[in-house]
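Presented below is the structure to which this report refers.
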Amino acid sequence: MIVKENTREKVNSSFEVSKVLSAILEMDSEIDKDKEHFWVIGLNAKNVIKFIDLVSLGTLTNALIHPREVFRLAVNRGVASIIAGHNHPSGDPTPSRDDIAITERLKSAGDILGIQVLDHVIIGAGGEYISLKEKGLL
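Counting in our numbering, the sequence shown runs from 11 upward without gaps.
This is the structure:
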């Protein structure tokens, strides 16, 4: 489900990504805030947001993610790169083994498709976030 498209917003840091995704999460119903959301941000060559796609709305502890779904809109819209992002309803943004594994799969798929995966940002509570790129996990 496309959450945003064709904005003039530019994202140049994981902090900016965390703010954009946190704002989207705040707009969700109280029921859905307790579920894991997985978004893909499609960017042009100048890091301007072309779309934000909610790829999966999961459960309290996980969301089902497949690279095919993550890159579907990115391929159709011809974006230069993507940023993956998801929330941890527990409030702790520490990446799980599954988070690291899907990031590696997305990077491999992006390399094949020619769409760079710039980062994977995990949103926690109170403005906390972790960038897998900054942690050296991408």
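Ideal placement from N, C-alpha and C gives every residue a C-beta, glycine not left out.
Nearest residue (CA-CA) to residue i, options the options
i	options	result
ILE93	ILE112, GLY137 and GLY101	ILE112
PRO77	TYR139, ASN97 and LYS117	LYS117
LYS20	LYS45, ASN57, ASN97 and SER32	ASN57
ALA55	GLY88, ILE110 and LEU83	GLY88
ALA90	GLU114, GLU36, ILE140 and LEU123	LEU123
GLU138	SER100, ALA119 and GLY120	SER100
ALA119	GLY136, ASP108 and VAL80	VAL80
ASN86	LYS43, GLU114, LEU53 and ALA73	LEU53
Opening and closing residue of the beta strand (DSSP E) in which residue i lies
i	result
ILE75	First-last for ILE75: undefined, no H or E at that position.
ASP63	59–67
LEU53	47–53
Residue i - containing alpha helix (DSSP H), residue span
i	result
LEU32	Checking the sequence, you will find Ser at residue 32 rather than Leu. First-last of the alpha helix (DSSP H) with SER32: 24–37.
Cβ pair residue i, residue j closer than 8 Å
i	j	result
ILE59	SER66	no
LEU147	ASP129	no
VAL156	VAL131	With the chain covering only 11 through 148, there is no way to say anything about residue 156.
SER32	ILE133	yes
HIS96	GLU46	yes
PRO105	LEU64	no
PHE61	LEU83	yes
**Request:** Let me know the alpha helix (DSSP H) ranges lying completely inside the segment 86–131, each 4 residues or longer, listed in chain order.
**Result:** 107–123
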